[in-house]
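Encoded as structure tokens, the structure appears first; notes follow it.
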Amino acid sequence: MVKRCLLVLALAARPAGAASTAGPHSAAEKYQEWRTAAAGVLIARADPNSLATAAALRYVGAANAKGAAAAPNLKASAVELAARASDLAPQSASIGWLHLQLCAATPACDIRDVATVMRWVDADNGAAWLQTLAAAQKDRDSTDVDRILGDMALGARFDLYWNRIVVLMVDALDAVGYDLPSGFAGSDSTRLGTVNAIASAEIVPPFTALVEACRESSAAPERRDLCLKLSKTMQRSDTVAAQLAGFSLAKRLLAPDSKEARSVAERRHVLEWRVAEAAKFDSPLLPWTRNARARARLAQMRTLPREEDVCIAILKAHRMALEPPEVHP
């Protein structure tokens, strides 16, 4: 569910052969080599955005690392790079969010200080409590879960900083383009495709703990009210994946035949349709227009905070309808 819309975007400009593992020196191995080299170039620049991008590249490389100790070491190194980037840009919510996600996905990393800093940097963002909620849910601490859900529900926004982080990483790679190996970020379209794939894996957190906590709300009306309020905030998130999670959460909490449930289903349908229609313009029939399309999407991402708003802007630019035909015949 959550991955469906991101898959549309990631596949549109995915580096050719990136998933293949065939051959003595496979495309996956070449991609790993490219990530390693690119991270080294970015680390040498030592500015916050370059370090954050290097952290993301190094972390995603841990999945294909060879040797029992290689993956944990790469993950720890990636978290350290993200921490350095965050120290250099303490007011950057996007870098703080990336740091928190990498730390939360690294078993030996203590998220408490990182999560506290994130909530201080962007106090209105309910998503900043997700990892803390996951810890409380794992400990079966119902009192703490209720407290955290209450804090999350107070947030005016539920943002994952998708547009900002993607633009940050694309710009960092573009700035060192002449120093990078060829193959995965040599053009606007391949840079955007590569970054989309990395961002999908690293900046969108799991929503499992939230779903489980709200599933238990059937026996606790107060928790159900908090979850419903939170789901409405999620439906306005800056990232499509979080919006879809919000729609799914509401569906679980609302009576299937209710007016509210039908409204949620219709809004979700419209969102999925917009994402799918806008993504068609990322894979044009004429290959030589791909870079222009990538630049157009990035230009919208620089000025618009929400991923859905970028899709709407793309549809408007091509004089396309903003809603499915069956919604407004």
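Count along the sequence shown from 1, then add 6; that gives the number in my numbering. Just so you know, even glycine gets a beta-carbon here, dropped at the ideal spot from N, CA and C. Given the structure is predicted, the values throughout are model-derived calculations rather than measurements.
The three-state reading of DSSP puts R303 in helix, counting H, G and I together. Bounds of the alpha helix (DSSP H) holding S195 are 194-208. Taking each of A52, A43, A50, T59 in turn and checking the Cα distance to N202, the smallest one comes out for T59. Annotation: L166 is outside any alpha helix (DSSP H) and is labelled neither H nor E by DSSP. In this structure F190 is in contact with W40, their Cβ atoms being roughly 5 Å apart against a cut-off of 8 Å.
The continuous alpha helix (DSSP H) containing G252 extends over residues 246-259. As DSSP reads the structure, N131 sits in a beta bridge with R163. Using a Cβ-Cβ distance cut-off of 8 Å, the segment 177-188 and the segment 105-113 are not in contact, since fewer than three pairs of beta carbons, one from each stretch, lie closer than that value. If you compare the alpha carbons of S100, R268, T149 with that of D128, the shortest gap goes to S100.
Between the alpha carbons of P212 and E332 lies a gap of roughly 32 Å. Secondary structure note for S269: its alpha helix (DSSP H) is the uninterrupted segment 265-285.
Judged by DSSP secondary structure, S100 falls within the alpha helix (DSSP H) whose first and last residues are 99-110. Just measuring C-alpha positions, the residue of R170, A226, E329, T122 sitting nearest D244 is R170.
DSSP places S148 within a helical segment (H, G or I) once states are collapsed to three. In this structure, the CA atom of Q241 is about 10 Å from the CA atom of D165.
With contacts defined as CB atoms closer than 7 Å, T239 and G156 fail to qualify as a contacting pair.
With fewer than 16 other CB atoms across the displayed protein chains lying within 10 angstroms of its CB, L292 is exposed.
The residue among K257, T200, C233 with its C-alpha nearest the C-alpha of A34 is T200.
Distance from L48 to V182 at the Cβ level is roughly 6 Å; contact confirmed, criterion being Cβ atoms closer than 8 Å.
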